[in-house]
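What follows is a set of notes on a single structure, which appears directly below.
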Amino acid sequence: MTPFTTHTGPAAALPHDNVDTDQLIPARFMSAPSSAGYGQFLLHDHPDRPRIMGAEILIAGRNFGSGSSREAAVYALVDAGIRAVIAPSFGDIFAANAVNNALLPATVSAADAAALMAHTGPVTVDLTAQTINGTTAFTIPETWRQKLLNGWDDIDLTLSHTAKIKAFSTTYHGTNPWSLPNPKGDTPCA
Amino acid sequence: MKTLFAKIWDAHEVLRRDDGTSLLWVDRHLVHEGSHHAFRKLAGRGMTVARPDLTFGVADHYAPTRGAPATSAIAGMMQTLADNTARHGITHFGMGDPRQGIVHVIGPELGLTLPGLVVNCGDSHTSTHGAFGALAFGIGATEVSHVLATQTIWQIRPPVMRLTIDGVLGGGVTAKDVALSWIARLGTDGARGHAIEYAGQTVRAMSMEARMTLCNLSIEGGARCGMVAPDDTTFDWLHGRPYAPANAEWRTAVAHWRTLPSDPGAVFDLDVTLNAAEIAPLVTWGTTPDQALPITGTVPQTANADALEYMGLTAGAPLQGLPVDIVFIGSCTNGRIEDLRAAAAVLSGHRAAIPGMVSPGSASVKRQAEAEGLHHIFLNAGLEWVDAGCSMCVGMNGDTVAPGQRCASTTNRNFKGRQGQGARTHLMSPAMVAAAAITGKLTDVRALLQGRAA
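Chains as they are written, first to last, in the numbering used here: chain A, 1 to 190; chain B, 1 to 454.
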């Protein structure tokens with residue numbers, strides 16, 4: 001994954017709370033292959049779409065990315081050129097998906113989000129210093145910060161623990177044999 | 001002294017990094033058509049599925065409910081899942097399989113979901129499985145590829161919120177109303193980042209179907225997952241299910257499961273209480289699930305203008321009597337046999353004033369409903385009785401609500417465009433949807449239930 005350290009770029013405000021992932025990419029577009037480029041579907045039915053196109057940093061309201069776990073919402077943002085979303089809070093699954101695609105979810109206070117929405121000109125998000133425009137602090141779980149800064153890939157990281165996982169599963173299934181699916185599952189239930 | 005959540009988390013922790021992030025073992029991984037991104041990521045790395053024996057596939061999001069797939073793109077989504085599961089040796093419940101249905105309905109129904117397990121699926125409503133005392137949460141496509149590749153998942157340990165509901169629910173008041181009630185009170189991010197344990201006398205008295213509805217909606221209040229401590233209701237429901245342990249192993253499992261409930265004195269990070277007696281049948285009026293009010297209420301004067309415009313409502317308007325165009329009964333929230341029974345009990349002997357669709361949560365629920373004759377009630381009322389799938393809850397298979405149409409729906413999200421572009425969704429319980437079907441308006445089901453066995 002491409003590391004994220006700092007980014008300066010044009011910003012746009014999406015001044016609404018609860019911009020859910022159904023709005024970020026409506027379900028009817030999700031059977032398209034991601035090679036088609038999901039940026040064309042970003043906020044497709046939202047009146048603010050024209051205003052945010054061309055932005056690289058999005059400043060949004062509370063609970064951004066709530067709802068459906070669809071990672072396609074992140075693909076749409078990234079494909080449209082968005083590198084960071086700044087908001088007072090995020091849907092949990094969305095934030096995890098964002099980090100897995102090098103999109104920075106930066107949490108700020110509601111007051112700071114409002115001030116940044118009023119700001120004109122480019123915005124700088126510095127993940128090393130955890131600041132926006134050099135002064136406004138933002139938060140992000142440290143584990144996600146490190147992952148973004150280093151461009152770490154979870155599968156690579158986990159594969160370095162293969163022996164430990166193998167030992168765990170052997171012990172765990174030895175202690176909890178009932179946790180495995182019963183083989184008689186082939187019988188259709190009534 | 002540990003919580004139910006902590007007991008399961010600790011038992012699944014393979015390792016914990018210095019930064020506090022844990023690698024958890026995953027007991028069950030459920031995949032669906034939407035998992036194609038994850039399979040592609042896996043293929044891109046030339047990797048295979050680590051534990052196909054713990055991975056199960058099912059067609060639900062795009063599953064046609066009325067015969068053939070609506071478009072070739074939809075058929076392609078179903079075929080891709082069939083191909084990916086076959087390639088990796090994963091058991092797949094595809095179309096025509098008697099075990100097919102919505103992933104969060106069939107997981108429990110087949111006994112794949114058990115107390116004490118960690119269950120993952122690339123779907124936010126995976127919280128449903130927590131009704132069995134499992135730690136179950138939705139994940140995104142990159143995480144799905146990680147679970148496929150390693151049978152583990154990295155997680156930051158969430159704080160635990162206990163939501164205690166005591167008292168007896170009134171007639172016509174259901175788990176759906178309990179869920180909408182706490183979400184309306186705390187907001188769509190009121191439980192953000194938390195694991196919820198639902199506790200109290202009201203929850204203990206709930207059936208497994210009701211507990212699943214309650215846990216299903218945890219995500220709509222921002223929670224990571226929802227759980228209910230397993231008890232005899234849980235064990236009785238699971239006993240004899242196809243994939244559940246049997247004989248001596250069943251007895252070992254139950255003995256273990258009895259140790260799972262939170263210890264007396266276990267400490268929760270947040271405690272919230274609700275009084276069941278104060279909960280009325282609720283309907284949502286807006287475009288987020290917390291915009292919910294008792295059916296006897298009026299649209300708030302302080303209502304968000306954007307939500308009002310989208311929903312075609314004015315502040316101060318009474319909810320009762322609001323004309324509805326279409327009804328939908330189904331989904332992972334309210335598509336189980338008890339939900340269909342509750343709707344049928346209201347609809348029995350009536351004609352629906354408006355069109356609508358009933359989609360059972362699984363092929364098994366459909367067979368059971370037909371064995372009980374419930375389908376005759378729906379068909380005689382003039383509603384469509386169709387096959388199992390996510391259907392009109394998410395509209396991916398082509399079952400959508402037309403622009404501007406108002407739908408009384410048993411589903412989980414009243415988001416803009418959720419049931420179709422421009423669709424206006426009012427969330428409520430199956431009994432309340434049945435009442436709306438009869439009158440063609442938002443209706444207090446309690447009036448219709450008088451003199452009827454509910």
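Think of the CB as a built atom: it goes at the ideal place given N, C-alpha and C, for glycine as much as any other residue.
Local Cβ density within 10 Å of residue i, reported as buried at 16 or more and exposed below that
i        : result
A:Asp154 : buried
B:Lys366 : buried
B:Val267 : exposed
B:Lys416 : buried
B:Pro281 : buried
B:Thr3   : buried
A:Cys189 : Below a pLDDT of 50, predicted positions are generally treated as unreliable, and A:Cys189, at 44, falls in that range; the measurement from the model is reported next regardless. Burial call: buried.
B:Val168 : exposed
A:Gly134 : exposed
A:Ala171 : For the sequence presented, residue 171 of chain A should be read as Thr rather than Ala. Exposed, because fewer than 16 other Cβ atoms sit within 10 Å of the Cβ of A:Thr171.
B:Val220 : With the sequence shown as reference, residue 220 of chain B is identified as Glu, and Val is not the correct amino acid for it. Classification for B:Glu220: buried.
B:Leu379 : exposed
A:Gly192 : There is simply no residue 192 of chain A to check, as chain A begins at 1 and stops at 190 in what is shown.
B:Arg16  : exposed
A:Met30  : buried
B:Asp10  : exposed
B:Pro294 : buried
A:Leu159 : exposed
B:Ser124 : buried
Residue-chain proximity (residue i, chain B), Cβ-Cβ < 8 Å
i        : result
A:Arg51  : no
A:Ile140 : no
A:Cys189 : With a pLDDT of 44 at A:Cys189, under the threshold of 50, the modelled position of this residue cannot be trusted; read the value that follows with caution. Yes, its Cβ sits closer than 8 Å to a Cβ of chain B.
A:Tyr38  : no
A:Arg83  : no
A:Asp48  : no
Residue-chain proximity (residue i, chain A), Cβ-Cβ < 8 Å
i        : result
B:Phe328 : no
B:Phe415 : yes
B:Arg418 : yes
B:Arg45  : yes
B:Ala253 : yes
B:Val324 : no
B:Asp53  : yes
B:Gln405 : no
B:Leu308 : no
B:Leu260 : no
B:His37  : yes
B:Phe5   : no
B:Met392 : no
B:Gly107 : no
B:Ser218 : no
B:Met77  : yes
Nearest to residue i (by Cα), restricted to the options the options
i        : options                                : result
B:His375 : B:Gly398, B:Asn397, B:Gly349           : B:Gly349
B:Leu442 : B:Pro300, B:Val327, B:Ala131, B:Phe56  : B:Val327
B:Val160 : B:Lys7, B:Val445, B:Ala70, B:Ser364    : B:Lys7
B:Thr400 : B:Trp385, B:Asn380, B:Leu379, B:Gly422 : B:Gly422
B:Ala164 : B:Val386, B:Thr425, B:Ser262, B:Ala353 : Checking the sequence shown, residue 164 of chain B turns out to be Thr, not Ala. The shortest Cα separation from B:Thr164 among B:Val386, B:Thr425, B:Ser262, B:Ala353 belongs to B:Ser262.
B:Arg413 : B:Ala136, B:Ser218, B:Val228           : B:Ser218
B:Leu23  : B:Ile279, B:His29, B:Gly130, B:Thr150  : B:Thr150
B:His36  : B:Arg28, B:Arg336, B:Met77             : B:Met77
B:Arg192 : B:Asp166, B:Gly226, B:Asn304           : B:Gly226
B:Arg224 : B:Gly170, B:Ala344, B:Cys393, B:Val119 : B:Val119
B:Thr21  : A:Arg49, A:Thr143, A:Val108, A:His44   : A:Thr143
B:Gly321 : B:Gly440, B:Arg241, B:Val394           : B:Gly440
B:Ala342 : B:Ile329, B:Ile354, B:Ala352           : B:Ile329
Residue-level contact to chain D via CB, residue i, 8 Å cutoff
i        : result
B:Arg336 : No chain D appears in this structure, whose protein chains are A and B.
Host beta strand (DSSP E) of residue i (start-end)
i        : result
B:Ala118 : First, the residue type needs correcting, since residue 118 of chain B is Val and not Ala in the sequence shown. Start and end: 118-121.
B:Gln155 : 152-156
B:Thr172 : The sequence as given places Gly at residue 172 of chain B; Thr does not occur at that position. Careful: B:Gly172 lies outside any beta strand (DSSP E) and carries neither H nor E.
B:Phe137 : 135-138
A:Met1   : Taken as a continuous stretch (DSSP letters only), A:Met1 belongs to no beta strand (DSSP E), as it is neither H nor E.
Extent of the continuous alpha helix (DSSP H) run through residue i
i        : result
B:Glu197 : Note, B:Glu197: premise wrong, no alpha helix (DSSP H); beta strand (DSSP E) at 195-199.
A:Leu77  : 72-79
B:Pro108 : 103-109
B:Gly398 : Here B:Gly398 belongs to no alpha helix (DSSP H), and DSSP marks it neither H nor E.
B:Arg251 : 247-257
Residue i Cβ short of 7 Å to the ligand GTP heavy atom set
i        : result
A:Val123 : Ligands in the displayed structure: none, and consequently the ligand GTP is not present.
Sufficient close CB pairs (3 or more, under 8 Å) joining the region 40-51 of chain B to the region 141-154 of chain B: yes
With three or more C-beta pairs closer than 8 Å as the rule, is the region 151-160 of chain B touching the region 108-116 of chain A? no
Determine contact between the region 54-68 of chain A and the region 84-101 of chain A, defined as no fewer than three beta-carbon pairs at a distance below 8 Å. yes
The region 91-108 of chain B contacting the region 46-65 of chain B, beta-carbon criterion three pairs below 8 Å: yes
Pair every Cβ in the region 47-55 of chain B with every Cβ in the region 183-191 of chain B, then say whether three or more of these pairs are closer than 8 Å. no
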